[in-house]
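> The sequence shown begins at 1383 in my numbering and counts up one residue at a time. Sharing a structure below in structure tokens format, with a few things to ask.
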Amino acid sequence: MEQVGLLYRPDEVVLVHGVDLGMFQSPIVAVAVNLQGYDEFRQAVERCRTLLPAETPSIRTLCEVQHPAAFILDSAAR
């Protein structure tokens, strides 16, 4: 992530993470049963955010309970 600032100066960065919880589609249920990967990956995305150059005008993070590939494609289309 730190190298992004060395390669170019983005106007906007969107960090996207989608997780498919299978039968545990509710985030509340996922947290309650402490499903491995749910909270850890959300925290990893937040850590990535801190590694981006501070002068980046807009940094957004999107973490959703959805099929990962579909979520990334839907987010890119917005």
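Here a beta-carbon is modelled for each residue, glycine too, at the ideal position from N, C-alpha and C.
(1) Just verifying my parser: in three-state terms, what is the DSSP assignment at E1394?
(2) Among V1396, L1389, M1383, Q1385, which one has its Cα closest to the Cα of P1439?
(3) Return the first residue and the last residue of the alpha helix (DSSP H) that Q1388 is part of.
(4) Go ahead and pull the three-state DSSP assignment for E1446.
(5) As a quick exercise: from P1435, E1422, D1393, pick the residue whose alpha carbon is nearest that of H1399.
(6) With the cut-off set at 7 Å, would you say P1450 and G1387 are in Cβ contact?
(7) Who are the near neighbours of E1428 in its chain, counting only those whose CB is closer than 8 Å to its CB and skipping five residues on each side?
In short:
(1) strand
(2) V1396
(3) The question names Gln, yet the displayed sequence has Leu at residue 1388. Per DSSP, L1388 belongs to the alpha helix (DSSP H) from 1386 to 1389.
(4) strand
(5) E1422
(6) no
(7) T1443
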